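These protein sequences, in sequence, are chains G and W.
Quick note: the first sequence uses the working numbering, first residue 1191, plus one each step.
Quick note: the second sequence uses the working numbering, first residue 11, plus one each step.
For every residue, glycine included, the Cβ atom is placed at its ideal position computed from N, Cα and C.
Predicted model only: the values in this text are computed from it and were never measured.
Some notes on the structure that comes next.
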Amino acid sequence: MGTINSAFSLISGALDADQSALSIVANNVANANTPGYTEETPNWSENSPVEINGASYGSGVTETGPTSLRDRVLEERLNQQQQLASASSARLTALTGVQALFTPDSGSASATAGDIGSDITGFFNSFASLEANPTDNALRQQVLSSASTLAGDVSNAAASLNEQRAALDQEASGVTSQVNSLTSAIAQLNLQIQSTSPNADAGTLEDDRQQDIGQLSQLFGINHITTENNGLSITTTSGQLVLTGGSSFQLTTGTVGGATQFYLGTTDVTTQLAGGGGELGGYLTARDQDIPSVMNSLDQLAYSVSTQVNALNNTGTDLDGSTGTVANPHYIFNEPTAVADSASGMSVTMTDPNQIAAAALGQGTGDNTNATAMAGLANQSIVNGQTPTDYYSNFVSTLGSTVSSVQTENTAQNASVTQLTTQNNALSSVNLDDEASSMSTLERSYQAASQVFTMLNTIMASALNLGEQATVS
Amino acid sequence: MDEFWERRGQRELKELVVEASRALARLDADRLEELALSCQALNRELPPASAGERVSLASQAREAVGEMAVFARVLEATRANLQVMNRLRELRGGLLEYGERTAQGWARTGSGDGNH
């Protein structure tokens, strides 16, 4: 038997432990609405037993401090999904802006490209009209007018694309200071955590660090690795060290060829950041891949139409009976020297409608052979093996598919972030949900959704099949 | 065609798919189970009577293709999330193997700390 003193000691120890535990619970309740706060649970430790005359007597419990109910693997997954969602959101916004340029009759001021598809048709149709009466001045003016409309819309689209690219460049550059501010803050937190809680959960300090990592994940693609003494190292997704322990490495910028490049130390990490995720990844993908790809298509169209039309017009006979020469070429469009920048430089250089060479070489001015040939370009595969209209149509369609695909990714990634946030909240927030219930909901939802998906697939296949039968009958 | 859906109190196929994606994003298991039952019933009663209904249903199916792609991606992401959660559960179940770390306070038994 223990003594009355030891019994009293047990009771007072238990009361102290209860008091500590109560203060942890009170802290949880007080922070229930604090963003990023992770619920803490009290830890109980059995005191060493006391041996008297060979008999062992228990000496109660002690509350040894709180442990946060955080789960770093889940948080890591949430950060990764957040990076992807942020990247696709930023890219989607940029692509939607680009698509608006090529959406005719949208009533939007941003539709500066007008309707290039109609412009192409209108331009070649004006030659078809000229065929009927090749000496008619009004019809000749109409050719120049429709050429101006086409050139104006193409060059406006190119100018708008360049403006959007510059805006994205500025957005990307603006992210740098936020990244540096967050990495410095995380490095400071690392130092505090390593000095105060090298072997235990650091509670609110870790909450703060996790919140900063979450914000950093929205900005650019990172991986983080827990190191000794509760420290943390962060790298870009391609492995460049961003911070380790209490040291962070600043992300710096420089301008190369008019575009902002990003550096860690002396290493240019722009390409890696573009593929890494986060807002910065989205901005850079749109700036360095999407917009240049659209611009290249537009350049190709402008180059092919301009050079092919110019070549034909230069070899025909105009209304004054003359033909273009090297010294005095009869070009309708400004003649591009290379594909690059053809769209932004597209313009009509011909001012005299008499210089339109409707007649073939050696024919009288009333001949329409060359006008027919120029009208016929509309149906020839002069732009990368396609007719101008088909090429433009396919280009717009490809752009639409890209937007749609990024939209799909973005919707799915945001859904995933929502799911993971729910799971993480159930695990680490102050609420009544328990982990098992949360897991069960996730499993039930997945199973039911799988059933819905399978059924819908069957229904859609049957529906399409029924539609075909109806068409046949 | 509209009659076909009205008879069954259903909305267009596209809306059904969109709702399924939304419910899955919210992890609304109850709603998803309801939708699964609706889809089962719909599948049983699918063949509509008239050719017009068939064409209309086919048209709805074509319109819903994009939404199905989204649903497929959300389902795929959910499966990955479920795998992560299951893996965490397994790891927590095996905490005894990590006794040293637990003793050092890295995690308490049964805690939510999955950093193992």
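- Closest by C-alpha distance to Gly-1465 (chain G), when choosing among G:Asn-1420, G:Ser-1428, G:Ala-1449: G:Ser-1428
- Query: So, are the CB atoms of Met-1629 (chain G) and Met-78 (chain W) less than 8 Å apart?
  - Reply: no
- Message: Using beta carbons (cut-off 8 Å, strictly below), is Glu-100 (chain W) in contact with chain G?
- Response: no
- Could you tell me whether any Cβ in chain W is nearer than 8 Å to the Cβ of Arg-1634 (chain G)? yes
- Alpha-carbon to alpha-carbon, Thr-1417 (chain G) and Ser-1606 (chain G): 28 Å
- Task: Give a single yes or no on whether Thr-1283 (chain G) has its beta carbon closer than 7 Å to a heavy atom of the ligand GTP.
- Result: As far as ligands go, the structure on display features none, and thus does not contain the ligand GTP.
- Message: Any beta carbon from chain W within less than 8 Å of Asn-1649 (chain G)'s own beta carbon?
- Response: In the sequence under discussion, the amino acid at residue 1649 (chain G) is Ile, which differs from the Asn named in the question. True, the Cβ-Cβ gap to chain W drops below 8 Å.
- Comparing alpha-carbon positions, which option in G:Val-1432, G:Val-1484, G:Ser-1483 lies nearest Val-1459 (chain G)? G:Val-1432
- Message: Assuming Ala-1549 (chain G) is part of the alpha helix (DSSP H), what are its boundary residues?
- Response: From DSSP, Ala-1549 (chain G) is part of no alpha helix (DSSP H); its letter is neither H nor E.
- Listed by chain order, chain W residues near Ser-1640 (chain G) by CB distance under 8 Å: Leu-85
- Alpha carbon of Val-75 (chain W) to alpha carbon of Ile-1649 (chain G), nearest angstrom: 12 Å
- Query: Within the 8 Å Cβ cut-off, does Arg-89 (chain W) reach chain G?
  - Reply: yes
- Apart from the five residues on each side of it in sequence, which residues of its chain come closer than 6 Å, Cβ to Cβ, to Thr-1442 (chain G)? Tyr-1453
- Task: Can you tell me which of the three DSSP states Gln-1451 (chain G) falls into?
- Result: strand
- Task: Assess, as a yes-or-no matter, whether the segment 1522–1531 of chain G is touched by the segment 1470–1478 of chain G under the definition of 3 or more beta carbon pairs within less than 8 Å.
- Result: no
- Item | Alpha carbon of Ser-69 (chain W) to alpha carbon of Leu-1646 (chain G), nearest angstrom | 15 Å
- Message: To be precise: take each residue of the segment 1260–1288 of chain G, compare its Cβ to all Cβ atoms of chain W, and keep it if any distance is under 7 Å. Which residues remain?
- Response: Arg-1260, Asp-1261, Arg-1262, Val-1263, Leu-1264, Arg-1267
- Task: Assuming Phe-1410 (chain G) contacts Leu-1502 (chain G) (C-beta within less than 8 Å), just tell me the rounded distance between them.
- Result: Phe-1410 (chain G) to Leu-1502 (chain G), Cβ: 51 Å. No contact.
- By how many angstroms is the C-alpha of Gly-1472 (chain G) removed from the C-alpha of Ser-1298 (chain G)? Residue confidence for Ser-1298 (chain G) is low, a pLDDT of 46 falling below 50, so the modelled location carries little weight and cannot support an answer.
- Item | Nearest neighbour of Asn-1600 (chain G), chosen from G:Ile-1415, G:Gln-1451, G:Ala-1277 [CA to CA] | G:Ala-1277
- Item | Cutoff 8 Å: Glu-43 (chain W) Cβ touching any chain G Cβ | yes
- Query: In whole angstroms, what separates the C-alpha of Gln-1490 (chain G) from that of Ile-1403 (chain G)?
  - Reply: 44 Å
- Query: Do you know offhand how far Asp-1309 (chain G)'s Cα is from Val-1344 (chain G)'s?
  - Reply: 9 Å
- Query: Between the beta-carbon of Thr-1513 (chain G) and the beta-carbon of Leu-1488 (chain G), is there less than 8 Å?
  - Reply: no
- Can you name, in chain order, every residue of its own chain whose Cβ lies under 6 Å from the Cβ of Leu-1567 (chain G), other than the five neighbours on each side? Gln-1498
- Task: Pull up the CB-CB distance for Val-84 (chain W) and Leu-34 (chain W), whole angstroms please, since I reckon it's below 8 Å.
- Result: 5 Å
- Task: Taking Arg-54 (chain W) as the query, report the chain G residues whose CB atoms sit under 9 Å from its CB, ordered along the chain.
- Result: Going along chain G, no residue has its Cβ under 9 Å from Arg-54 (chain W), so there is no contact; the nearest lies around 10 Å.
- Task: Put Asn-1413 (chain G) into one of helix, strand or coil per three-state DSSP.
- Result: strand
- Ordered list of alpha helix (DSSP H) runs contained in the segment 1580–1607 of chain G, each at least 4 residues: none
- Query: Hey, quick one: how far does the alpha helix (DSSP H) through Val-1365 (chain G) stretch, first residue to last?
  - Reply: 1327–1386
- Query: Are any of the Cβ atoms in chain W nearer than 8 Å to that of Ser-1646 (chain G)?
  - Reply: Rather than Ser, the amino acid found at residue 1646 (chain G) in this sequence is Leu. It does: the Cβ of Leu-1646 (chain G) has a partner Cβ on chain W nearer than 8 Å.
- Query: Under the three-state reduction of DSSP, which class applies to Val-1484 (chain G): helix, strand or coil?
  - Reply: helix
- Enumerate in chain order the residues of its own chain whose CB-to-CB distance from Leu-1329 (chain G) is below 7 Å, with the five nearest sequence positions on each side excluded. Ser-1319, Leu-1320, Asn-1323
- Item | Thr-1293 (chain G) at chain W interface by Cβ criterion, 8 Å | no
- DSSP beta-bridge partners for Val-1538 (chain G)? G:Phe-1523
- How many Å lie between Arg-1634 (chain G) and Ser-1437 (chain G) at the Cα? 45 Å
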